[in-house]
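Per my numbering, the very first residue in the sequence shown carries number 148; after that it's consecutive. All C-beta atoms in this analysis are idealised placements derived from N, C-alpha and C, irrespective of residue type, glycine included. Scroll down for the structure; my scribbles are underneath it.
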Amino acid sequence: MASLATRGVDDAPRVRSVVLRRVTPEACEVCCHTDRRSGKLAEIARDARVSWLFYAPELKLQVRIAAQAAFVGDGAVADAAWANTGLSSRRAYLAPRAPGSACDGPSPNLPPNILDRRPTEDETIPARANFGVVVTHATEIDWLYLASEGHQRARFTRGADGAWSGQWIEP
Ligand SMILES: Cc1cc2nc3c(=O)[nH]c(=O)nc-3n(C[C@H](O)[C@H](O)[C@H](O)COP(=O)(O)O)c2cc1C
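In C-alpha cells:
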C-alpha cells in the first residue's frame with residue numbers, strides 16, 4: 148500500500164492511502180488512479196508538490212518520494228489505464244456523488260443495481276468520465292533500509308537537467 152500526501156487547500160498537510168498503479172523508472176513516473184471529483188485534485192491543482200510514502204516490511208525498506216503531480220483524465224495515458232482497470236475496480240467510478248460529499252448516513256455511494264455485483268463492461272461506460280490518473284514525476288527519493296547491524300539511508304536528487312545524484316546520509 149502507498150500513501151500520497153498533498154498540501155490541503157487550507158495549507159494543512161493531507162495524506163491518504165492509494166494503490167500504486169504504475170512506476171515508469173525511465174520517465175521517473177509514479178502513478179495512481181483516482182476519481183476526478185476527489186478533493187486531492189483541487190489540492191494538486193493548487194500546489195503540484197506531493198510526497199509518496201512506501202514501506203515494504205518484508206524488505207525492511209522505506210521509500211519516500213517527493214514529486215510533482217498532475218491529473219490526466221483524457222488521452223492515451225488515461226485510456227490505457229482505464230482499459231487495464233478491472234470491472235470491480237471500475238465500479239467505484241460509478242459513484243453518483245463526488246467523494247467527500249456529505250450524506251445522511253453511511254452510504255456506499257454506488258447505484259443500487261450494482262451494489263451486490265460486478266458491473267458489466269457496458270455499465271462501466273459512464274464511469275470513465277470520473278476516472279483519471281494522477282501522474283507524478285519524482286524529484287527526490289529518500290531510501291531507508293532497516294538492518295540490525297545498522298540502518299542505511301541515501302538521498303537521490305534530480306537536477307534541473309534531469310540527471311540524478313545520490314548521497315549517503317545518516318539514518
Ligand atoms: C486500501 C485503500 C486503497 C485506496 N486506494 C485509492 C486509490 O488508489 N485512489 C484513490 O483516489 N483513493 C484510494 N483510496 C481512498 C483514499 O484513501 C481517500 O479516502 C480518497 O481518495 C479520498 O481522498 P481525498 O478526499 O483526499 O481526495 C484508498 C483507500 C484505501 C483504504
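Below-7 Å beta-carbon distance, THR283 vs any chain C residue: Included in the structure is just one protein chain, with no chain C present.
C-alpha gap between ALA192 and LEU257, whole angstroms: Counting from 1 along the sequence shown, the entry for residue 192 is found at position 45. Counting from 1 along the sequence shown, the entry for residue 257 is found at position 110. C-alpha separation (whole angstroms): 27 Å.
Contact set for LEU234: own chain, Cβ-Cβ below 8 Å, skip 5 residues either direction: On the sequence shown, residue 234 is found 87 positions in, with the first residue counted as 1. The answer, listed in chain order, is ARG265, PRO266, THR267, GLU268, THR271.
Straight-line gap, SER327 to ARG275 (C-alpha atoms, nearest Å): With the chain covering 148 to 318 only, the question about residue 327 has no answer from this structure.
Beta-bridge pairing of GLU176 - partner residues as DSSP gives them: On the sequence shown, residue 176 is found 29 positions in, with the first residue counted as 1. In DSSP, GLU176 forms a bridge with THR171, HIS284.
Environment of LYS207 [buried if 16+ CB atoms lie within 10 Å]: The residue given as residue 207 occupies position 60 in the sequence shown. By the 10 Å Cβ count, LYS207 comes out exposed.
Cβ contact check for the segment 292-308 and the segment 218-234: 3 or more pairs under 8 Å: no
beta-carbon VAL162 near ligand 3 non-hydrogen atom, thresh 6 Å: Ligand 3 is not part of this structure, which contains only ligand 1.
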